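Residue numbers (our numbering), protein chains in the order written: chain A, 230 to 426; chain B, 230 to 426. Reading through the structure tokens given below for one structure.
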DNA sequence: CCTACCGATCGGTAGG
DNA sequence: CCTACCGATCGGTAGG
């Protein structure tokens, strides 16, 4: 009979994923070696292969679990059945809060998904597209008479630009919090910054 | 007497830089080998080392030349001495036009500068900061009564988010042109997207 | 003696 | 779950 999994299996696996995400974020997928990850986790390199088939699987799991989280946020906000503007505000706030607690995963998603093989990459990209579509709908609902339907996705991508670019400059330890940032983005996106008459 | 450089030296060097930028953009700094770059350029690997001391020098040159271009745009627009809003519009349009013709260099700047050694990285980061400062001033001029001075740089970073994130989704061959994109960003940043009463 | 450039191979390290 | 290794490929440089 097959031996059962150690009770620590899942937490050990999660710990490896966390350290791997940090190292991929900092050094890139090619720049971080399996030996580096093993050392960071305080385990041997062969033990890593007990939890993950190969290096790509580790990368895929980081990206896929992170997409689980982002899609769960989209679903949770949708369930509240809010009016267009509160719905939009809730999405932006929930995403910034998620980003605050997943900075390494966020970087990995942005910079390293291109190293996945075609099949794995396609799955991640499809799930990202689902998130973009949810935002495009939320944006369109704000402006129901928007004439150019072809601008729905670009408007969502512009919004994601404001939110996602934070990985290059916003730090949880800085003076501007992630919640402040959500408010500033909402102010700009909803009203712009031009001097009001 | 020292033999002079071949007349093709500068163009050969520029050709190498271009191919290296494409490969770094696609595969990352660690994923693109000197052998790959040599093959793409149609030269031998040792010849690469005639033009560039090492792989890092190649990366630095890509980033530094691109910063030359971006800082030149900032200076050119400043020389026109426009009013705040036309000045701001000119900056956004000029940057989007530069991005359109430098997609690989743009990606390299975003994703690979972290692989430079401390000194080279510091130079690039300092020049990037100069660009951010120029945008922060241009944004502040739009809204001279902005109460929170500490929002000047975040506002500029939010704008850069909209512009720079295009590297993930905007294609020169697509239906939305870079010039269209500049106009949409300006509309949002200046007026927001809320339904106007 | 210089610079320009080749075919071949170096020491070290990657993922496995 | 370890040490000990492998085939391959890395960035960089030797002699000529």
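The beta-carbon is built from N, C-alpha and C at its ideal position, and this holds for glycine as well. On a predicted model such as this, the values are computed, not experimentally measured, just so you know.
Terminal residues of the continuous alpha helix (DSSP H) containing residue i?
i: residue 324 of chain B; result: 313-329
i: residue 276 of chain B; result: 274-280
i: residue 389 of chain B; result: 381-393
i: residue 298 of chain A; result: 284-308
i: residue 350 of chain A; result: 347-371
i: residue 418 of chain B; result: 407-420
i: residue 399 of chain B; result: Where residue 399 of chain B is concerned, there is no enclosing alpha helix (DSSP H), given that its DSSP letter is neither H nor E.
i: residue 339 of chain A; result: 332-340
i: residue 243 of chain B; result: 238-256
i: residue 261 of chain A; result: Residue 261 of chain A -> no alpha helix (DSSP H), and no H or E assigned at all.
Closer than 7 Å by beta-carbon distance: list the chain A residues that pair up with residue i, in chain order.
i: residue 500 of chain B; result: Look at the range of chain B in this structure, 230 to 426, and you will see that residue 500 of chain B is not part of it.
Residues of chain B with CB closer than 8 Å to the CB of residue i, please, in chain order.
i: residue 324 of chain A; result: The contacting residues do not exist; residue 324 of chain A stays about 13 Å from chain B at best.
Indicate whether at least one CB of chain B lies closer than 8 Å to the CB of residue i.
i: residue 414 of chain A; result: yes
i: residue 380 of chain A; result: yes
i: residue 260 of chain A; result: yes
i: residue 345 of chain A; result: no
i: residue 418 of chain A; result: yes
i: residue 257 of chain A; result: yes
i: residue 340 of chain A; result: yes
In chain B, which residues lie with their C-beta within 7 Å of the C-beta of residue i?
i: residue 391 of chain A; result: 387, 390 and 391
i: residue 405 of chain A; result: 383
Which residues of chain B have a Cβ atom closer than 9 Å to the Cβ of residue i, listed in chain order?
i: residue 275 of chain A; result: Simply none; closest approach about 23 Å.
i: residue 286 of chain A; result: Here the premise fails: no neighbours, minimum Cβ distance about 18 Å.
Using a Cβ cut-off of 8 Å (strictly closer), state whether residue i contacts chain A.
i: residue 408 of chain B; result: no
i: residue 251 of chain B; result: no
i: residue 424 of chain B; result: Below a pLDDT of 50, predicted positions are generally treated as unreliable, and residue 424 of chain B, at 49, falls in that range; the measurement from the model is reported next regardless. Residue 424 of chain B counts as touching chain A.
Q. How about the segment 283-296 of chain A and the segment 331-341 of chain A: do they share at least three Cβ pairs that are nearer than 8 Å?
A. yes
Q. Three or more C-beta pairs closer than 8 Å, one from the segment 368-376 of chain A and one from the segment 396-407 of chain A: is that the case here?
A. no
**Q.** Contact the segment 378-387 of chain A vs the segment 351-366 of chain A: 3+ CB pairs below 8 Å
**A.** yes
Q) Between the segment 347-354 of chain B and the segment 408-417 of chain B, are three or more C-beta pairs nearer than 8 Å? A) no
Q: May I ask you to verify whether the segment 276-285 of chain B touches the segment 313-327 of chain B, counting CB pairs closer than 8 Å and requiring at least 3?
A: no
Q) Are at least three pairs of beta-carbons, each pair with one atom in the segment 256-263 of chain A and one in the segment 251-260 of chain B, less than 8 Å apart? A) yes
**Q.** Inter-stretch contact (C-beta, 8 Å, three-pair minimum) for the segment 321-328 of chain B and the segment 244-254 of chain B
**A.** no
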